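Quick notes on the structure that follows.
In the numbering used here, the protein residues as written are 1 to 183.
Here it is in structure tokens:
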């Protein structure tokens, strides 16, 4: 199986660097478009037993840059990532072809990736807000008990690792409100 990286929504600058680095490693680049988004990942990656289907064009509101590595070893992905870091910090999504996702249509995969991306972003936001609360002077907080109670609630929620984006964002918002409430 040929080594392939499926790319989507890359900026011109990033596209040039990424394609150049992949070419040096003799890795094929597949640019995803509306036709390919509505195909199974396995077909686009060139896996045996997968073929293109007659499906309508897909519309996507997925606005993140995406790299999906197919048929590359972990070492090859790490080598690529190390080379990429020499040029810029990639803040998009990097994913690997797996037994689980090869049967997915790209458009459905994007939906799942975005759901995970938003969830991780909400987790990071809550952690950052909790950190900001540590530096809030007690004399500047209107309801210190409520702030401490909400911090404990946030801590226990994160520790439970059963995340819901809506709850994470609500806790972040409440901590921000309590922290910013000045006497």
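Quick reminder that beta carbons are idealized off the backbone N, C-alpha and C, glycines included. No experiment lies behind these values; they were computed from the predicted model shown.
Query	Result
Classification of residue 51 by the beta-carbon crowding that lies within 10 angstroms, buried from 16 upward	exposed
Runs of beta strand (DSSP E) wholly within the segment 77-134 (minimum 3 residues, chain order)	93-96
Close Cβ partners of residue 78 (< 6 Å) along its chain, the five nearest in sequence each way excluded	none
Boundaries of the alpha helix (DSSP H) in which residue 155 is found, first to last residue	144-160
DSSP three-state assignment for residue 170, whether helix, strand or coil	helix
Coil, strand or helix - residue 75 by DSSP	helix
Nearest neighbour of residue 104, chosen from 41, 28 and 168 [CA to CA]	41
Three-pair Cβ contact test at 8 Å for the segment 117-133 versus the segment 66-86	no
Contact check, residue 12 vs residue 27, beta carbons under 9 Å	no
Own chain partners of residue 163 with C-beta closer than 7 Å, once the 5 adjacent residues on each side are dropped	119 and 123
Distance between beta carbons of residue 55 and residue 38, contact taken as under 8 Å	4 Å
Bounding residues of the beta strand (DSSP E) (the contiguous stretch that carries residue 31)	28-31
Limits of the alpha helix (DSSP H) - the one that residue 68 falls within	Careful: residue 68 lies outside any alpha helix (DSSP H), inside the beta strand (DSSP E) at 66-70.
Nonlocal neighbours in the same chain, by C-beta distance under 6 Å from residue 129, ignoring five residues either side	172, 175 and 176
Where residue 13 falls: helix, strand or coil (DSSP)	helix
Bridge partner(s) assigned by DSSP for residue 8	66
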